[in-house]
Each structure stands twice: as structure tokens, then as C-alpha cells.
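Right, one structure below, let's go through it.
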Amino acid sequence: MLSISKALSSGQAQTYHKMEFTSDTQSYYKQDGAVEGEWQGQLAAKMGLSGAVTSAEFTRLTEGRHPETGEEMVKHRAAQEYKNADGTTTKAVEHRAGWDATFSAPKSVSLTALVGGDERVREAHSAAVTAALTELERYTQARIGGNNPAETTGKFIAAKFEHDTARPVDGYAAPQLHTHVFIMNVTERADGTTRALQPQSMFDSQNFATAVYQSALTYQLRKLGYEIEAGKSGAPEIKGYSQEYLDASSPRSQQIKDHLAKSGYSGAEASQIAAHATRDKKQIVSLEEVVEAHRTLAATFGDQTETVVREARERAKIQQTKMQDRTPEEIARAKEAVTYARSSNFEREAVTDERTLMRDALRRGMGETTYAHVKAEFDARHSQGDFRELRGEKHATGRSFTTPETIANERANIRHVMAGQNAVEPIMSSDQAAAQAARRAFLNEAQRTVIQEVLTSSDRIHGVQGLAGTGKTSVLSSIREGAEANGYKVEGFAPTSRAAGQLRQEGIEATTLQSFLARKQQDPSAPASRHLYMLDESSLASTKQMRAFLEKIGPEDRLLVMGDTAQHQGVDAGRPFEQMQDAGMRTSKLDQIVRQRKNPALLEAVQHLAKGETVKGVQMLADQGRVTQIADPNQRTAAIAKDYARAPENTIIVSPDNRSRQLINEAVRVELKSAGKLGQEDQKFSILAHRSDMTGADREWAARYKAGDVLKYETGSKSHGIARNSTATVLSTDARNNTVTIEREDGQAVTYDPKRLKGVNAYRETEKNFGEGDRIQFTAKDKALGVNNRDLGTITKLETGQITVQMDGKTTRTIQFAPATMRHFDHGYAVTSHVSQGLTEGRVIANIDTESSRSLINTRLAYVSISRAEHDARIYTNDAETLGTRLATDVSKTTAVDFRRPPQPASPQMSQGQVYEYADPNHRLAAVASAFAERPANTVVIAKDKEERRELNQLIRADLQARGLVAPDSKALAVRSEQNLTNPKNAAEYAPGDIIQYKQGSPSLEGIPNNRTAVVVSTDLKFNQLTVQISHGDEVTYSPHLTTAMTSQSKVYREELQEFAQGDRIRFTQSTEGESFRRGDFATITSISDGIEARLEKGPTVKLTTDQARHIEHGYAVDSLKTGAPERILVSQDSSLPIPSEIAQLSRTGRDVSLYISDGTVQTNVPAPSIALPEQLKPSIALPEQQQSQSPANVNAPEQAPVVQHRRSHGR
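The sequence shown: position 45 = 45 (full-length UniProt numbering), numbered continuously.
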């Protein structure tokens, strides 16, 4: 793996170079004296640095000077000391020389290379380091200064020093192959000037570089004959070593772990501190002594290295010929790996960095494919439209991507909101609503206003943005009464079972959102009833869930979406509630907080936190004496436990991560027992903790399961004898063949491919003590018991095989359960911030360690945690000074489309009415769609880019549906699109389900007649063969490489579902003999209920056969005009592309032609044949040269439309 240090000063770097990097005590197995080091990097090569690293070159570079001339490259001041007013001394920061990036080989790899004596393994490590550094360098950035964003340069200078021993522990220096890479604090900009590095991009790329290193290393090791398995941390380990031998050879790692356990600290920075604190000075001993110590230890464990190396060499001889012909298999593995990365990442986020996608793909294909294959597959999928590149934040180093499905889901939600505005009659008149709001005398003005606005709204979808503690449930209860009195059936939903339970407590019939989505669609023939649906905690709903919900509710139904955009968001991708508000959903504000009304000081602090003024809110808490600083984690945990035990009633502890939560729970139990507030007799129970770290894609990948995991099967599997709702224990996994071996409840072992089974949840099994009086939280819903996930209660009685719990809530309720079968519970003194959302407690104690991950310590944690308290809130932290700043971090979910409306439209840069120029291509697409929808008759869009056409067709359809020109109810049809295969002779290009149309078959050799259609059943990548099923049912296996004539004259189609509706314009993609239409002709769908009927653009209405209906596409945006003569043509393209030849021809016929471009200027000087921009399309006012280079904003642009871009919200 790769670890990167904090920046080192010049003095520190030079000392490390002399005493550590080049010391002969660092590489005992290199018998040629001191370690010389080696240069790497584009900037190093440009400066003539190659071969060994000299002391003079290294010294100059660490001082920011040129390695040869000594000329200053990075300006910096010498460190100086200053006297402060209070007499203390402050020393300015010395020049940052660079960073020590260390690549450490897994322990088994070190043992094999060094003790086993296989020099090839050492060479594989070195090659993997070089490959990873090459990728890391691509993301190098220059620090520009001021408020200017960093500039990506892709160039650095790195000095590599390879070592083979770890620091000694009790005099023993264990074998440890690792490479120190010192990255100099200098880079070169495009203009040739040198600047200091912006290191954040390097740290952002750390996990990606680790994946490149591990992938390259694993691949080479397998070629050398070694068998690889995943280690404890996921790193590749060579098979054949016992865990005892590995542990005995890792005394340094154990020393650091022991130090961390004693200190209570955790995390990467804590590990670095522990490593320095536990250092033994390296003793200078001879090579012979070191080797003898290693051999003695190896002999103690049976000389495992000798066996591993010998078997690998024998294995390599056998598989050498097989490895030479693995390219098709490696390509297939790369496809599988990229598919996994896409599914896994976009399940949780709408937008993902390219490095994250590549990291996960490399981990999925570890050792089975190469980085080159994975990158090529990713680039190919990008060009095919599977990945959509977005404009990221201006300081971003890597590219950001989303998917067409994500964009479509986000736009669909907004389309529903817009289509429902002013579309329904209000539930009540203004007078009736005012009377309803006045029925509860205790309601405040803000609550009454919300009630009236909702009941008088003429929008089908209405929002309520309610801050924490504003009395939302009372408002909902009043709205329910008003709606029911006027004939509406009111039903509530929420993404969590606990939130749904809180709605039920207010008399609202409620269940989870997931339950509603799983319901069968209502019978269309059943009498329609008007519903008012309430979706609570909407900020926890994903974009995909919201779309499914909006598309499932009936045409007469209304929806009230409620939530708080500043509280925690859901696990899955998107933040639709906030997007809907951004897009203009009418939203009532519930902003008068009542929860802390009896404590005005605490209330004021919460109000600042609610508005995103985190630093101010935290400072106010500190000024009120509510912040306690205790640096030592163990002491802080003890102090929190004592504070809780002092007054446990109506008190909750909030801690951001599960490890700290568990430690606090244990400490609290000790304090309560000491105070006599908890039963002294404990019983130990085996409980299950859900593995929330696994995505849906993870559950289909065998390597993500661990031996001992407990699996629960919601649906089961008849073929494997797995009953529905049964459990099993993982015995082992086979990552290469993607299989999991489990032990069923009946003791039978079963092996299966996890991709074949759905509805599987994984849990980790742990044992914990419980006693009478213990607070517990349930970690899963149990319908029979009537408990929701994260419900809290108190154990009142412990009996053999049974636990009695008094549940929290407005009404007293006691339940009993058997812990042997209901194992989803845990201690409930401390909970995470996410679990606390929705709770109200008298007192809150928050544990906030500023060194924790930014995903845990952020604005949402601060707001949610503190706002739970009615009377008192206290924060325990390690660093009170930086607490506010660290909590002011925004971790909002990403979105693909920005629906915020600019305050003013951009000023036009050119005045010619037929050329529209945009700085952003997504603005251009939105403008083209809007222009089409305004006048769709006899209009067509020409867009050469395939993905752009797909996007334009979706945008135009959405706009036409919103205007009522296309029916709202769509039907999914299976249509075929022709595939342009890069190499049709390669079986890896095909996929099961592909349809091949053979013009010239091979009747005699392969049994495939001429003019026949077949479906691909499977591919054999090893032998480059396809198995296809011919239309009469026979299966044929052949190699596309050996049937050149048949393959070259065949066409390949891929079937996919596309949405069509009455009113949609279509275009035919295939001609049919004897029909009145041909390929390229346009038509409009007139009926879709029983087959497709379509009115030809210039002809009669025809009813399409089933086969004809497969060869259609949306006809709004097309690649070219092969047929037809539209009166109005909109051309959409990037300005770097040549102007299509049709434009010059069509413009001369007098047709209305408009050109929409982006990225600066219109390209008129194109390669032969030269196509001049038609006179009527040329801008009448030329752009000044300076403006052209700066890509100005839109020209004569229609009203600003949604922008596709990567965005995170910044705190509300």
C-alpha cells in the first residue's frame, strides 16, 4: 500500500536522505553498499535527472533550487523566530521540501522475495511502484496562490529508494520490502514557470495509486506462478504462509498496533505518530547476521518460503503457454471490473471521481487483468455513453463522471414537480384553511402559516422545509384532519421505519417508502380515490426512490414532501428534496424552533447551526461552557461515561463512528454498575451487526464476503436448498471463480455464485454482555415485535432464553423476545449521529474528535447532534480550538444536474440571431431542447455525437411531455440499436443477448444460412468463440476470426428498453420491403396501447409489425438527414468539430437553420473537403480575440436551462 507523510522541511529531508534513505542498514539484501536511489518523473527527465540520486542534487531540490545550477525555483523565506507580546517565541514554518511516499509490499511478498530469494518478486515490486508513480504524477498540481485554483501540471520530480528491512524490534529487523519515494515540492506550469506543489491532489490520489500498485504487483506475481489471495486489509498476499509465520515476521506492525490500542487513537495520522514514538534505532549489523536471523525464524515455521517459491516456479512452467493467450480473458475481466465499479459507486453517489472508479475497477479485477485493459474498457464505455463526464469544481484534479440514468432520474423528478404546478384544485379555501390552522391554540405563527399554505396550494407536489425541533408532527396532524374532512385519503411514508412509526403516533396511517414501492400497481379498473401522500424525512430518500415514488402515485393524488436539507442525507445517491426546492417547487418554511424554547442560549446556538453558520454556533456553545477539551481518547471516553452516569435519564450520547460508540457504551456500563444503576449479573449474547459497507454490487462479488459472516436470505434459493428468511455462515470464498461457500442452518455446505442470488444481507457476529437496566437499540425492524430499526428501550428483565424490554415512546409498551432468534440489538447509551436524527432528548453529550474523517465530522453532525437536546448539550473534544473549523466541512451528496436558477441571464456576446454560442456544452443541450419544444412542428435537431443525441432526445421528450404535446404515460419497448464493433473478429466485443443479422451465412461449415438472424448465447474468450442460437432453435459455436466473410457482412444489434408514448416522433432505423416507409423516415405515434400505430411524416398511418417496432428510435435529434425535408433545423455540436456538409446545402434552400455551439469560436477552417460556414449563419459581430480564448457565455441564448455539472451544496 501507499502511505504519504506530512510535508518535511529541508533540514528534515536532508537528514532522512543521509541517515535513512541511503543508509546501508536499510537494504541488507543489496550487497553493493549504500542505497543510491533513482529518479523518476517528467520534470526530473526534463531537468536531466536520471540514474542514481546524488546528495548535491537532492539537497538543492529540497531547498527549492535547480539541481544543477542552484537557481531558485520555488520562492520561500528562511525560517525566523518572532517574539510575541506575551513573551513567547514563535518560529515561522520552514520551506516544505517535499513528501515521503512509501510503497510497502505485503508481508508474504517480502518473505518470498527476500527470505525465499526470488529476485523476480523484488523486480515485480519495483515495476509496480514505477507504474503507480506514473499514474500519481498525472494528478500533480501547482499552487498558484491567493484565491486562485490550483493548476494541474502532471509533472513532478521523485527520488526512489528501495529498502528491504523494517525497523528492529527487540534487536530483530524483519524482512520488509518497501520503497521510499521523496516527491519534491516543485512542478512546472504550462508556461514553463516553476511553482510549489498543491499537495491535496496527491493525497486525493493516494488510494488510486495504491490500487495501481497492488494490481500491477498481483498480475506479475500470478505470471510468475504464485497463487494470490486477499489479506486482512484487502492487499494481495501470496498463498502458502501460515498466519503465525506472517505475524512473527511482522513485530513492527504489532508494536504500532499495541501502541495505538494503549493510546486509544486511530487513523492514518495516529499510525504515523505511533510509528515515530515506537522507533528503535537501527542497529548496524552485518548481512550475514540479518539473513541468519530470518532463516532461523523461517526454519521455526517449517521453511515455508522454500516450498512457496519452488511450487511457484513449477506452476509457472505449466501455465506459461496459457498466460500467452489470456488477452481475451483479460479484456472480459476488465469489462466485469468496470461494470462493478460503475454499479457500486453510482449506487451511493450521483457523481464520482475517475480515480475512485478506476480504483474500484482495479480492485475488482486484481490480478486477472491489467490497468491498461481496465483503462481501455473505461474509455470505451465513456465514448459509448455509459459514463457522462461533468464539469467539476474548478480546483478539482481528476475528471468527474455520472451516468445517463442518473441524469434522467434527476430530470424526471423535476419534470413531475413542474408538471404539477397550478394543476389541481386547493384542498380548502383560504377561509377554511385559516379556520383549520386555528383549531389548535398552541400552534405558533409559522406552524399556522404552513398549514394554510399546504391546504390552499394548487400544486400537485408541495414541499415543507422544516428545521429540527419546529413541531412538524403537530402541523402534519392538522393537515391530515383538513384533508380527510375534504374527501382525501391521507397516507404517510418515510425512508426509515422509525420515522414512519412517528407518523403513526400522530394518527397518520404510515409505512416505509420501500414498502409502498414494493406494492402491486393499483388495478386501473378500480374506482379512483383522491390521496394526499405525506413523505416525511425526504432528505433521506434517494433520487431513484423519489422517481419511482412520483411515477407510482395516481394522477389524482397529491404529495406533501417534508424534510430538512441541512440534516443527514440518505445512503444512496442523490438529494432530490433539495433539488426539487432548487428547481422551484413551492415550499413552505417551518423555521420557528420550539424544542429549545426553555433554554434561549442553547436555542441561539442551534439556530446558527441550522443556518450552516457552524463556526459561530460552536463558538457560542464554547462561550456557554458547553465544550470540554480532553486530548487523550481514553480519558475523554471515561469523562463522557461519568457525565452520563451522573444523570442518565433522558440523556443520549452521540459519537460519530461505531468504534468510539462501542467504547463509550462499555465505559458507561462500568460507571453505571459502580453507581448501582445497572444490574450486576450479565448474560452474554451473540448479536449481529449489519455490514453497511457493502453495496449491491459488493454483494455479487465473492471477495467482499469474509469467513464468519452471517448471511440472511430474503428470497432464498430452491436450487441451493436455501429457505426464505433463513441464515447461513460463510465458510470460505473463491475470488477467482467468484464463489462463496456457506454452511446452511442444517449444517450442509453449499457453494454458489453470489451474482445468482438476490436479497442477501451480510452481518458480522459479535458477543456482548447485557444486564437488567441496560439501554438497548434495535438494529433491524421486526414486524412481529412491533419494533423499528434503531428503536430504543430499556431491559427490565433477563431470563433464560428471553429478554423483556420497555420501549421508549409516548405510550408505555413492553415487549419480549428470544435473543437466540432475534439477534439484531446492541447497547443504546451512545448512538451515531445518523441514528440520533429524529430523536428528542432532554440532554445530549457529543463526542467529537477533530482527527476523525471528514465524512464523519461535518456540518450535519454538528447540527443534528446538538439540536436533539431540549435543555442541555455538551461537546467533548480533543481540540476545542479547531473544533468549529473542522465541523464546518460540507459533505453533501453530489448531484449530476444543477437546477438552481441564475439571478440574471448572461449577456449576449454576439448579435446574429442564428448562431448561439455557449461556454458550457450542457447549457447548449438544454437550450437546443427548449428551442425545439417551443416550435416542434417540422423541426429536427442534427447532432453527430451519439451520446449527445441520446441526451437531447430525453430532454426534448421531457419538455414536450411537460407541455402536453406527448402523452405522460410511456410504454417501455424493446428496440434494437446497431453496434459499431471495434473488432468484430474478437469474441470479447459481443455480449450474451446480442442479435446478429447474417447477410452471408456459412451453411456448409457452420450451419448458418444466408439472411438469417441469431442471438448470442455465450462467449468463450479463451478460444475466441461465439455460441449463437439460430432462429429455428439450433445452437452453433464458431470463431468470428475464422469466418471472415460471414463476420464482415453481418450486422450486430443490441436490444434495450426505451420509453415511447402517444405523440412521440420516431424515426425508422431499417427499411422494410413493400412498405411505404424506409430507413431514416419520420413518423408520429398515434396509438401505442395495442401495438404501435404511427402517422408517417408525408403519408398514411401505418400499424407496425412486432419486428418493425424493434427498429425505431426517437426522432427528435438525429445524426444526419438521409430522408425528409424539415423546415427548421437546429444543429448542435462542439465548436472544435467541422460544420456538417448538410448545413451548407440546406441553408441554400432557404430553410431556417440555427447553429448551437460551445467552447469559444466557430471553426470555419476545416480539413478537406472545406466547408465554409453559410453567410446567413456567420455572426455579424466578430468576437475580440481575447474573448474567444476565454470561452464566453451564451450568445442570444434562450432562458437559462438546467446545467449538467458536478455540485455539492454548501450548508443550509
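Glycine is no exception: its CB is placed at the ideal position from the N, C-alpha and C atoms.
Predicted model, so just to flag it, every value in this text is computed and none were measured.
Could you check if residue 148 is buried or exposed, using at least 16 other CB atoms within 10 Å of its CB as the buried criterion?
-> exposed
When the distance is taken between beta carbons, is residue 1003 closer than 9 angstroms to residue 1011?
-> no
Under a Cβ-count criterion, where at least 16 other Cβ atoms within 10 Å of its own Cβ denotes burial, should residue 318 be classed as buried or exposed?
-> By the 10 Å Cβ count, residue 318 comes out exposed.
Looking at the structure shown, is residue 1055 part of a helix, part of a strand, or coil, going by DSSP?
-> strand
Using a threshold of 9 angstroms, state whether the C-beta atoms of residue 210 and residue 140 are closer than that.
-> no
Span of the beta strand (DSSP E) around residue 176 | According to the DSSP assignment, residue 176 belongs to the beta strand (DSSP E) that extends over 175–184.
What alpha helix (DSSP H) runs, 4 residues minimum, are completely inside the stretch 682–738?
-> Counting whole runs of 4 or more residues, the stretch 682–738 contains no alpha helix (DSSP H) stretch at all.
Give me the Cα-Cα distance between residue 358 and residue 759, rounded to the nearest whole angstrom.
-> 27 angstroms
Examine the Cβ distances between the stretch 678–695 and the stretch 862–877 and report whether three or more of them are shorter than 8 angstroms.
-> no
Could you check which residue in 582, 995 and 565 has the C-alpha nearest to that of residue 977?
-> 995
Residue 857 (DSSP reduced to helix, strand or coil) = coil
In whole angstroms, what separates the C-alpha of residue 575 from that of residue 416?
-> 16 angstroms
Mind checking who residue 168 pairs with in its DSSP beta bridge?
-> Answer is none; residue 168 lacks a bridge partner.
Put residue 104 into one of helix, strand or coil per three-state DSSP.
-> In this structure, residue 104 counts as strand in the three-state DSSP scheme.
Where does the unbroken beta strand (DSSP E) through residue 825 begin, and where does it stop?
-> Per DSSP, residue 825 belongs to the beta strand (DSSP E) from 825–827.
Segment contact flag, the stretch 1023–1043 with the stretch 942–956, C-beta cutoff 8 angstroms, min 3 pairs = no
Residue 311 versus 116, 150 and 381, residue with shortest Cα-Cα distance = 116
Collapsed DSSP secondary structure at residue 63 in the structure displayed | Looking at residue 63 - three-state DSSP - the assignment turns out to be coil, as it is neither helix nor strand.
Answer yes or no: do residue 929 and residue 1058 have a C-beta to C-beta separation smaller than 9 angstroms?
-> Going by C-beta atoms, residue 929 is not nearer than 9 angstroms to residue 1058.
Would you kindly check if the distance between the Cβ of residue 813 and the Cβ of residue 839 is under 9 angstroms?
-> no
Secondary structure at residue 898, three-state DSSP: helix, strand or coil?
-> If DSSP states are grouped into helix, strand and coil, residue 898 belongs with the strands.
Residue 1054 to residue 955, Cα distance in whole Å?
-> 23 angstroms
Rounded to whole angstroms, what's the CA-CA distance from residue 674 to residue 631? Just pull it up for me.
-> Rounded to whole angstroms, residue 674 and residue 631 show a C-alpha spacing of 25 angstroms.
Please state whether DSSP places residue 15 in a helix, a strand or coil.
-> helix
Under the rule that 16 or more other beta-carbon atoms within 10 Å means buried, what is residue 951, buried or exposed?
-> buried
What are the boundary residues of the beta strand (DSSP E) that residue 577 is part of?
-> No beta strand (DSSP E) holds residue 577; the alpha helix (DSSP H) holding it covers 576–582.
Tell me whether the beta-carbon of residue 975 lies closer than 9 angstroms to the beta-carbon of residue 1097.
-> no
Beta-carbon proximity list for residue 896, same chain, < 7 angstroms, skipping 5 on both sides | 350, 351, 390, 402, 406, 407, 410 and 1204
Could you check what DSSP says for residue 841 in three-state terms: helix, strand or coil?
-> Looking at residue 841 - three-state DSSP - the assignment turns out to be strand.
What is the rounded straight-line gap between the Cα of residue 397 and the Cα of residue 152?
-> 6 angstroms
Express the C-alpha separation of residue 591 and residue 616 in angstroms, rounding to a whole number.
-> 19 angstroms
Proximity below 9 angstroms, CB of residue 1094 to CB of residue 1105 | no
Residue 905: buried (16+ other C-beta within 10 angstroms of its C-beta) or exposed?
-> Per-residue confidence for residue 905 stands at a pLDDT of 35, beneath the threshold of 50, marking its modelled position as unreliable; no derived number is given.
For residue 697, count neighbouring Cβ atoms within 10 angstroms of its own Cβ and tell me buried if that reaches 16, exposed if not.
-> buried
Buried or exposed (CB count within 10 angstroms, at least 16 for buried), residue 222 = buried
Between the C-alpha atoms of residue 246 and residue 113, what's the straight-line distance to the nearest angstrom?
-> 14 angstroms
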